[in-house]
Each structure stands twice: as C-alpha cells, then as structure tokens.
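Here the structure comes first, spelled out in structure tokens, and everything after it is commentary.
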DNA sequence: ACATATTTTTAGATTTGTCTAAATTTTATT
DNA sequence: AATAAAATTTAGACAAATCTAAAAATATGT
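Protein chains in written order, with the UniProt record's numbering: chain A, 1 to 223; chain B, 1 to 223.
Printed below as a string of structure tokens:
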C-alpha cells in the first residue's frame, strides 16, 4: 500500500506538467502536449504515463490522453505548494527578484519533508500567493479563490489592483520592473485604443501607455 | 572544459563521502570504506570512482585507494558548506531541533545555485558553525579553526565551553537535550573516576555525572 | 468515406547507477 | 616465502529514464 508513495524527481515533474496542462483546458491531456511542456519525446511520455498509471497517479487509456487521479492531483498540489512557498521565501527572505526564483524553486519543490514545508509556511506567515500572484494551495490542497480578470478586460474608467501575471517569464517580469509595475499597484484604465488594443492607464500617479500584449498578461482584482 | 562541471546527486554523495573519510585518516581512502559509508557495494564504488577520476575530481590508481584532487576538494567543500548552512537555517529560522536537520540537509545540499547559497549565508549572518558545532567553510573554502578538545581530555578542575559534538547521531543529540547539555554551556570537570572513566562535571550550576562515552563525544574549547 | 496527416504507441537501443558472482591483486599469517 | 585472507576489480546483468525509427491508431479534409 505504501510502496507507491515515493516518487522520483522525474515522476514529480510529469505529475506537475499534467496538472498544469489539465487545469487549463479542463480535460484529458495529450501525450504531445506533455512532451512539448517537458521538452522531451512523446515516446518517453508514453513510457512514464504507463508507470504513473500503474502507481495510481493518473488514469490512462491508450490513445485517449491522460488525467490525474485524486491521488495524482493531491501529489501535484503538494508540489505546487512547495514550489510557490519556496518562491516566497526566496523573494521575501533572501531578496531575490521575482524573475530569478522559478529555476531554483524547480529544484526546491522536490525536497521531501512535510515538516519542512509546514515550518516554511509558518515562517513565511502562511502566504496565500506567490511573488507572481499565483495562489498557494493550503496543506489541505485548497486555493484561496479570487475574482481576478485580465487588465485588457477592464472597462474604461474602472480600476483594479494588480494581483498577478499570466506570463511569468523572466523577460516579462523584467519589463514590469523596468516600468515600475508591481503587484499591489492600483491601476485605472483611462482609455483603450481601438487601433491596436493598447491601453492608457494611471498607475502610481503616473499615466502611461501599455500594449495589448502587456495588458493581457496582467491580472487585476476589482476594488 | 565546462562539460564536467555538472555533477549528479550520486556523484556529489561520493565526493562528500570521500572527503569525510579523507580528512579523518589524512591518506587515500579505501574502496570498502566508501562502500560502507554509503551503504553500497564495493563494485559500485569502483565504477563511480572511475567516472569521478575521468572527470578530474579524484586521483585514482587501481587497488591503491582514492583521494580528492583540488577540484574534488573544492567541490566537497561547497557541498559541506551548503549542508551546514541549511542546517543552521532549519534550526535558527524554522525552529527544528538539532537532531532533525541532517536528513533534510542531505537533500538541500544538492540544490544548485551559487547565488542561493551566498544569499542564505548572508541571511543567516555568515555563521561559522552549524548546530552541531561543525565549522562551515567560507565561500572560498576556508574553515575558522578552533582549538577544541574532547571533554574527557580536560584535566580535573579545568573548564571549557561546549563547542561541538563528535557523534552527531540523533540518539546522542536527544540524550544531550534531555540532560540539558547544549552548545555554549560552560563546563567544569570536577572529578574523574579511574574505575570506569566517568566524569563529575559542573554545568549550568548543577553537578552531574556523565559516562566516558558521553565525555569522549563532546568537544570543548578552553576558556 | 477515403486518403492523408497527425498523434500515439511499440520495439529496440543507450546511459546511469546499481547489483551479483567470479577473478585478480594486495595484505596478513605462519 | 608460501599460503590464506581480505580487498578490489572485472564481467555481465538489471532497472530507470531516455532516445530513434517504425508501426498503429486517430483525426482531418475534401
């Protein structure tokens, strides 16, 4: 029964990839999608899926895609929890910037110690969101749910507080730093250009113009 | 040239084992000794030694034992440094007790990020010793050297400050906790029994009797 | 619906780290 | 110094995770 509790780093990486792909389209995940996400070959994915299926982490029928079982989802959530807690640690305690933490958290998320995870959580003050605004599941696997929307969906003259990014790649995060856009900032949409979808916004008492691409990767919460 | 910089967890574990065995007897390390230390088979050790030799971490002649090269020593020191810094983190920041930290640090020592190690060092206030009193090498690989001796070597009516343990196994550490013996405590040797080598000591204003076995696993620094 | 394209799986090979069992070398003993 | 004992290495095998190339299943387009 407890024989299957140990997971290798690789198994955990697959579970996490399936989780992230699964929450997006809310259906079974394609072999090729996993292969692309993990930068590996579809044949390798098939092999691993079989193994994870035998261990009870995913349900799988040949050619029909894969989805996480309850056990698999639970496992994925603990990995996501660890990843995001470590990101908070790196930013809050070690003064890393939000574009530097992902790669290190990819390593730290595999550290096996429930007590460590829980102590870290406590040490950080039970944070609900990571440095990119992504929610941190509780020990029980529950997310704080928020009613966030993309900035480009906000109507003219409406406001919101910046609560997250959709694209958390280093280039985008560095762009935001450079233009002094940070989580917690109060943003008012002043105007939208029909021509290119760009937005005129007020942020930190300054009025700036941002492209549609930027606006569609920034989450805000209505105030 | 830089092809050999990446090391697997397993390679790092071997390097660390060779390091620890090497500093003790200050000579080449035997295959069997490594096998025993790592709880593996001598044939596996031979295979790995070959690989580490090809990568330049150890120097090795068949049947003649193995020793770390400068590169290998440097690598070992960074692993030891990471291990001990994480131990300090766990005890100082996350309130772990000193008998719980070794296993977790065994995992954390493999995290690859020089910036993380250095930031952690800074965050912890550049500690010179881990929770067991073992010295933490600096980024440059230098130890703070101390003139510590075992408690059983202290003459009657002489004193010392408890600075470390020779045996850092959980049972011994728990024993010390139970009897309220901690690093930093001021200890005076009042008497030694010829019969069994046990010592009468004064610690924290209390006089207690400890066995030779205990005394020979406690390091003190002369005051 | 049929042909074609795409996706997925299979079969077989490779690398890493390990093992067992046998062979070899070194060390210890008498 | 010869022989026994111990340590070490070699040879061959295995499991995990990956790959390539080919085969099979599914999806797409007219």
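All residues carry an ideal CB built from backbone N, CA and C; glycine is no exception. In this text the structure is predicted, and so the values were computed from the model without any measurement.
With 16 or more other Cβ atoms inside 10 Å of its own Cβ, residue 82 of chain B counts as buried. Taking a cut-off of 8 Å on C-beta distances, the segment 72 to 91 of chain B does not touch the segment 202 to 218 of chain A, as fewer than three cross pairs fall below it.
The C-beta of residue 96 of chain A comes closer than 8 Å to at least one C-beta of chain B. Distance check between residue 140 of chain A and each of A:70, A:36, A:27 places A:70 closest, using alpha-carbon atoms only.
Look at residue 112 of chain B: its C-beta is under 8 Å from a C-beta on chain A. Sequence-distant partners of residue 29 of chain A (beyond 5 residues in either direction) whose C-beta falls short of 7 Å from its own C-beta, in its chain, are 18, 21, 22, 65, 66, 67. DSSP, read as helix, strand or coil, puts residue 95 of chain B in coil. Listed in chain order, the beta strand (DSSP E) runs fully inside the segment 134 to 196 of chain B are 148 to 150, 159 to 165, 186 to 192, counting runs of at least 3 residues.
Listed along chain A, the residues sitting closer than 9 Å to residue 119 of chain B by beta-carbon distance are 90, 93, 94, 95, 96. Chain A has a Cβ within less than 8 Å of the Cβ of residue 107 of chain B. The continuous beta strand (DSSP E) containing residue 200 of chain A extends over residues 199 to 203. Beta-carbon to beta-carbon, residue 152 of chain B and residue 197 of chain B are separated by about 7 Å, close enough to satisfy the 8 Å threshold. Against chain B, the beta carbon of residue 79 of chain A has no neighbour under 9 Å; the closest one sits roughly 15 Å away. Contact between the segment 113 to 120 of chain B and the segment 87 to 107 of chain A is present: 3 or more CB-CB pairs across the two stretches fall below 8 Å. Residue 15 of chain B places its beta carbon less than 8 Å from that of residue 76 of chain B. Residue 213 of chain A is not a Cβ neighbour of residue 112 of chain B, given a cutoff of 8 Å.
The continuous beta strand (DSSP E) containing residue 209 of chain A extends over residues 206 to 210. Under the rule that a run must span 4 or more residues, the alpha helix (DSSP H) segments found entirely inside the UniProt domain "HTH dtxR-type" (7 to 69) of chain A read 9 to 25, 31 to 38, 42 to 54.
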